[in-house]
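In what follows, a single structure is set out as structure tokens and then discussed.
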Amino acid sequence: MDTNELKVIVNMIKNTFESELENEPTILIGADAQNYVDSMEELYLSKGVSLKKQFKCSNGMYLWWFNDNTIILKQNFRVKTLAHELRHAWQFENNEDGEFRFIEGVIEKNPILYYFSSKERDARKFARKVKSRVKGLNIGH
Ligand SMILES: [Zn+2]
Numbered sequence: 002m003d004t005n006e007l008k009v010i011v012n013m014i015k016n017t018f019e020s021e022l023e024n025e026p027t028i029l030i031g032a033d034a035q036n037y038v039d040s041m042e043e044l045y046l047s048k049g050v051s052l053k054k055q056f057k058c059s060n061g062m063y064l065w066w067f068n069d070n071t072i073i074l075k076q077n078f079r080v081k082t083l084a085h086e087l088r089h090a091w092q093f094e095n096n097e098d099g100e101f102r103f104i105e106g107v108i109e110k111n112p113i114l115y116y117f118s119s120k121e122r123d124a125r126k127f128a129r130k131v132k133s134r135v136k137g138l139n140i141g142h
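Position 84 of the sequence shown, counting from 1, maps to 85 under my numbering, and the rest follow consecutively.
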């Protein structure tokens, strides 16, 4: 996926949100993502989160801990993953009623609780919606 393709897909995803995403996150892919993870590891460890560990066993992450507003993705990421992580950015921005709980350390302490949290359920539902939209378009997979 080249830069233009990525832009098209990001815009398509943004147009799927119920309201505008004002603070568009920085998107880092592959080696860029890994370099970022390596450079931030120490800072995240101070919050009890090993970014290296988390990223190793995930396809993508939305980083909000230090108001990073950054999405990191593995090299061969899926559109569905990008949609899921962008949704977290949208949730972080549109969370006036506190429906989506961004809590430090939950993934490590209680992965099952995390999986079924409103934030994760909403992100998965949104990603499915996006996936059904990209079907037929010859982009991503
Ligand atoms: Zn998620």
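Note that beta-carbon positions come from the ideal geometry of N, C-alpha and C, so glycine has one too.
Asked	Found
I'd like to know whether the C-beta atoms of F117 and F103 end up nearer to each other than 8 Å.	no
Considering only heavy atoms of ligand 1 and the C-beta of each residue, which residues fall inside 6 Å, strictly closer?	H85, H89, E121, A124
Given a cut-off of 8 Å, decide if K57 and H89 are closer than it, judged by their beta-carbon atoms.	no
Using the C-alpha atoms, what's the distance from R79 back to W91?	19 Å
Could you tell me which whole beta strand (DSSP E) segments of length 3 or greater appear in the region 40-121?	61-64, 71-74
Could you have a look at T4 and say whether DSSP puts it in helix, strand or coil?	helix
Would you tell me roughly how many angstroms separate the C-alpha atoms of A84 and V131, rounded to the nearest one?	7 Å
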